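Here the protein sequences come in this chain order: Y and X. For the first sequence, position 122 (counting from the first letter as 1) is numbered 118 according to our numbering, and the numbering increases by one without interruption. For the second sequence, position 80 (counting from the first letter as 1) is numbered 76 according to our numbering, and the numbering increases by one without interruption.
Number of protein chains: 2
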Amino acid sequence: MEFKSLIRTVPNYPKEGIMFRDITTLLKDEKGFRAIIDKFAARYEGWNIDKVVGIESRGFIIGSVLSYVLGKGFIPLRKAGKLPGETYSAQYELEYGFDKLEIHKDALKKGEKVLLVDDLLATGGTALGAISLIERLEAEVSEFCTVVNLPDLKGERRVKENGYSLYSLCEFSGH
Amino acid sequence: MEFKSLIRTVPNYPKEGIMFRDITTLLKDEKGFRAIIDKFAARYEGWNIDKVVGIESRGFIIGSVLSYVLGKGFIPLRKAGKLPGETYSAQYELEYGFDKLEIHKDALKKGEKVLLVDDLLATGGTALGAISLIERLEAEVSEFCTVVNLPDLKGERRVKENGYSLYSLCEFSGH
């Protein structure tokens, strides 16, 4: 199924000049939603993965379904102050500003293999911040996967230059 | 499978006197996570539901999996300023403060039947705010479901007194 056309582009959101790629129109369509999950599942079926980690908040939507389909536990990486237990945190640069992510210190065990999931890759700041938290717990990122990749924002290049594997389902040019 | 014991209680979070029921320890356990999804799926299999609506952010984790399992589209209800399209918003009272939820104006069609999902029911403020947004689009809430119900905070009573159906997987007394 051709799902890319179900992703809506909202011009000038969240600020002037940004073309926001909105996956809510894809998620709303049950066939489109199923198509992206099935594509991810087909790739990761049989991989040696211990946990699926999703990045708040849209990464929760994709990551939790993959967790269920692959039969692995789900770990949420959350914005600052949202996790109730003891955490590590990482600040990182976004396409438009700064943000902070946190992970529970007991979320992953040393040596566990992680599939890291988000909806979109832009500059790669969020992804690398997330990876740093996973590695702080001495777990390993098997791959980072997203629905949308915006290669012009160079996140793909940054992620790969840092030695990590990336899998995305579709690309858009520009912002 | 007995999943309730996998939910961790964090005392005095987010403030003194609150016993925070933390589902991340349940989600991390693949058997526990599967057990709760399978319980929900067993209930809703065969129901006449058009869409699954999840409340940001922990409601995304449960709601999106249910959406996939039931083969229905997923709609995220988000905190203020997070949805890029045209929205309606609702302010509501929380156990500790106020918050605002938004829905895309084109998220649901008139007459669509909705399963509303969150992780936890406390005072019911979030749930009733979410329901008001669904009804603003002239869609119908078939049922509101949560993993955890805190009946002492009277959310269950408020939801039911307002004429809505509630289904929760487990209860804790106190806050």
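Virtual Cβ for every residue (Gly too), placed ideally from N, Cα, C. If you're wondering where the values come from, they're calculated on a predicted model, not measured in any experiment.
Pick helix, strand or coil for residue i, following the three-state DSSP scheme.
i	result
LYS0/X	helix
SER128/X	helix
LEU23/X	helix
LYS29/Y	First, the residue type needs correcting, since residue 29/Y is Phe and not Lys in the sequence shown. Three-state result, PHE29/Y: helix.
ALA123/X	helix
LYS47/X	strand
LEU149/Y	helix
GLY59/X	helix
GLU89/Y	strand
TYR40/X	helix
ASP102/Y	coil
GLU157/X	helix
LYS75/X	strand
TYR84/X	strand
TYR9/Y	coil
LYS68/Y	coil
Can you give me the C-alpha to C-alpha distance between residue i and residue j, rounded to a whole angstrom?
i	j	result
PRO147/X	HIS100/Y	28 Å
VAL49/Y	PRO10/X	23 Å
ASP18/X	GLU108/Y	22 Å
PHE168/Y	ASN145/Y	7 Å
ASN44/Y	GLY93/Y	35 Å
ALA86/Y	SER60/Y	22 Å
SER164/Y	LEU111/Y	13 Å
TYR157/Y	LEU149/Y	The residue asked about is misnamed: residue 157/Y is Glu in this sequence, not Tyr. Rounded to whole angstroms, GLU157/Y to LEU149/Y spans 14 Å at the Cα level.
ALA31/Y	ALA38/Y	10 Å
ILE172/Y	ARG154/Y	Look at the range of chain Y in this structure, -3 to 171, and you will see that residue 172/Y is not part of it.
GLU134/Y	ASP114/X	32 Å
LEU117/X	LEU124/X	11 Å
GLY20/X	ASP46/X	First, the residue type needs correcting, since residue 20/X is Thr and not Gly in the sequence shown. Roughly 28 Å separates the two Cα atoms.
ALA76/X	LEU97/X	6 Å
PRO7/X	PRO80/Y	9 Å
ARG74/X	ASP95/X	11 Å
CYS141/Y	SER1/Y	19 Å
GLY188/Y	LYS78/Y	Residue 188/Y lies beyond the range of chain Y shown here (-3 to 171); nothing can be said about it.
ASP102/X	LEU66/X	22 Å
GLU136/X	LEU62/X	18 Å
CYS166/Y	ILE71/X	21 Å
ARG132/X	ILE3/Y	24 Å
LEU180/Y	LYS106/X	Not covered by the structure: residue 180/Y. The range shown for chain Y is -3 to 171.
Considering only the beta carbon of each residue, do residue i and residue j sit closer than 8 Å?
i	j	result
GLY(-1)/Y	LEU22/Y	Checking the displayed sequence, the identity of residue -1/Y turns out to be Phe instead of Gly. Yes, the pair counts as a contact, with Cβ atoms nearer than the cut-off.
MET(-3)/X	THR5/X	no
VAL143/X	ILE51/X	no
ILE127/Y	TYR88/Y	no
GLY151/Y	THR119/Y	yes
HIS171/Y	GLY13/Y	yes
ILE33/Y	TYR40/X	no
LEU90/Y	GLY121/Y	yes
SER138/Y	SER53/X	no
Please compile the residues from chain B whose C-beta is within a distance smaller than 9 Å of the C-beta of residue i.
i	result
LEU23/X	Absence of chain B from the displayed structure is noted, the protein chains being Y and X.
*asked:* Give me the subset of the stretch 90 to 111 of chain Y whose CB atoms are less than 7 Å from a CB atom of chain X, sorted by chain position.
replied: HIS100, ALA103
_By the 9 Å beta-carbon criterion, what residues does the stretch 76 to 87 of chain Y contribute toward chain X?_
GLY77, LYS78, LEU79, PRO80, GLY81
*Which residues, in order along the stretch 64 to 76 of chain X, keep a beta-carbon less than 7 Å from a beta-carbon of chain Y?*
TYR64, GLY67, LYS68, GLY69, PHE70, ILE71, PRO72
*chain X contacts from the stretch 0 to 17 of chain Y (Cβ-Cβ distance under 8 Å)*: ARG4, VAL6, TYR9, PRO10, PHE16
*Would you call the stretch 67 to 84 of chain X and the stretch 23 to 32 of chain X in contact, with 3 or more CB pairs under 8 Å?*
no
*What residues from the stretch 139 to 157 of chain Y come within 8 Å of chain X, judged by C-beta to C-beta, listed N to C?*
none
*If contact means a Cβ-Cβ distance below 8 Å, which residues of the stretch 111 to 135 of chain Y contact chain X?*
none
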